[in-house]
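In our numbering, the protein residues as written are 1 to 197.
Here a beta-carbon is modelled for each residue, glycine too, at the ideal position from N, C-alpha and C.
See structure below.
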Amino acid sequence: MSSQVDLELLSDDEALFQELEKEEDSEIATLREQRIREIQAEFARRETLEEYQHGLYSDITKEKEFMDITVKDKYVVGHFYHQDFRRCKIMDTHLEKLAKKYYNTRFIKIDVANAPFLVEKLQVKILPCVIAWKDGYAQTKIVGFDDLGNTDSFATGALELKLIHAGVIKKKEDEQVQAKKSIFQSKNDTDSELEDE
Numbered sequence: 001m002s003s004q005v006d007l008e009l010l011s012d013d014e015a016l017f018q019e020l021e022k023e024e025d026s027e028i029a030t031l032r033e034q035r036i037r038e039i040q041a042e043f044a045r046r047e048t049l050e051e052y053q054h055g056l057y058s059d060i061t062k063e064k065e066f067m068d069i070t071v072k073d074k075y076v077v078g079h080f081y082h083q084d085f086r087r088c089k090i091m092d093t094h095l096e097k098l099a100k101k102y103y104n105t106r107f108i109k110i111d112v113a114n115a116p117f118l119v120e121k122l123q124v125k126i127l128p129c130v131i132a133w134k135d136g137y138a139q140t141k142i143v144g145f146d147d148l149g150n151t152d153s154f155a156t157g158a159l160e161l162k163l164i165h166a167g168v169i170k171k172k173e174d175e176q177v178q179a180k181k182s183i184f185q186s187k188n189d190t191d192s193e194l195e196d197e
């Protein structure tokens with residue numbers, strides 16, 4: 001702003017309006033450029049996530065690959081299913097909807113016939129069984145439909161809420177709230193610095 005003309009020195013109304021328009025145009029252009037960069041960064045992030053199957057509900061056939069995904073990705077929701085179980089197919093429809101909605105979480109499934117080691121280690125005894133991991137650690141285990149209203153016609157929102165509470169899927173508002181801790185805090189301040197003053 002130091003390179004701009006002092007508005008109080010302008011006596012002509014027309015010159016004042018022109019100067020204000022220039023100032024407004026440069027601010028809008030700066031905001032537009034910043035927003036374009038943000039959109040491009042988000043697009044690149046989503047492209048990368050798609051490359052790693054985020055946004056899709058993937059059927060994994062190898063037990064080792066399933067384990068690697070749960071350890072490698074930050075947020076993973078895994079469904080242990082049997083191809084002939086009707087309730088597993090119901091769970092699939094709900095997880096498929098959530099996979100499209102939550103790009104930051106990887107949604108996968110594996111047939112229990114292909115994962116005998118995991119079925120035994122994770123004590124998967126009732127199907128469908130959904131386990132959610134964060135940084136390789138199990139956060140929740142949903143067995144059958146008991147926690148989802150104990151009905152075949154449960155709402156996707158019930159499953160979504162369970163996964164939100166487990167911390168493996170995040171709403172956009174949650175991500176923004178975490179980024180801004182306090183209205184009195186600058187980027188470099190911490191809570192302890194503010195308390196000392």
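Asked                                                                                                                                                                          : Found
On the DSSP bridge assignment, give the partners of G149 in chain order.                                                                                                       : The partner list for G149 (beta bridge, DSSP) is empty, contrary to what the question assumes.
Within a Cβ cutoff of 6 Å, which residues of the same chain sit near V130, ignoring the five residues on either side of it in sequence?                                        : H79 and I142
Got a sec, what are the start and stop residues for the beta strand (DSSP E) T70 sits in?                                                                                      : It is not in any beta strand (DSSP E) - T70 instead sits in the alpha helix (DSSP H) that spans E63 to K72.
With distance defined between alpha-carbon atoms, name the residue in S58, R35, P128 and E27 nearest to V76.                                                                   : S58
In angstroms, rounded to a whole number, what distance separates the CA positions of V119 and R37?                                                                             : 45 Å
Label A155 either buried or exposed according to how many other C-beta atoms from any shown protein chain fall within 10 Å of its C-beta, with 16 as the threshold for buried. : exposed
What are the boundary residues of the alpha helix (DSSP H) that includes H165?                                                                                                 : T156 to A166
Compute the beta-carbon to beta-carbon distance between I60 and K100, rounded to the nearest angstrom, for a pair I have assumed lies under 8 Å.                               : Actually they do not touch by this definition, with Cβ atoms about 18 Å apart.
Does any C-beta atom of chain B lie closer than 9 Å to the C-beta of I28?                                                                                                      : Although the question refers to chain B, the structure presented lacks it and comprises just one protein chain.
Please name the residue in Q34, G55 and T30 whose C-alpha comes closest to that of I169.                                                                                       : G55
Just mark P116 as buried or exposed, buried being the case when its beta carbon has 16 or more other beta carbons within 10 Å.                                                 : exposed
Helix or strand or just coil, what does DSSP make of F80?                                                                                                                      : strand
If you check the beta carbons only, do L98 and E27 fall under 9 Å apart?                                                                                                       : no
Considering T140, what are the terminal residues of the beta strand (DSSP E) in which it resides?                                                                              : Y137 to V143
Let me check understanding here. Comparing Cα to Cα, which of D152, T105, L148 and D84 lies closest to C135?                                                                   : Before going further, note that residue 135 is Asp rather than Cys in the sequence given. Ranking the options by Cα distance to D135, first place goes to T105.
Need the endpoints of the alpha helix (DSSP H) that I90 sits in, please.                                                                                                       : R86 to K101
As a quick exercise: from A113, A158 and R32, pick the residue whose alpha carbon is nearest that of M91.                                                                      : A158
Throw me the rounded Cβ distance for the F85 and L148 pair, which I believe falls under 8 Å.                                                                                   : About 15 Å separates the two Cβ atoms, so there is no contact after all.
In this structure, what does DSSP give as the bridge partners for I108?                                                                                                        : S58 and G78
What would DSSP say about I169, mapped onto helix, strand or coil?                                                                                                             : coil
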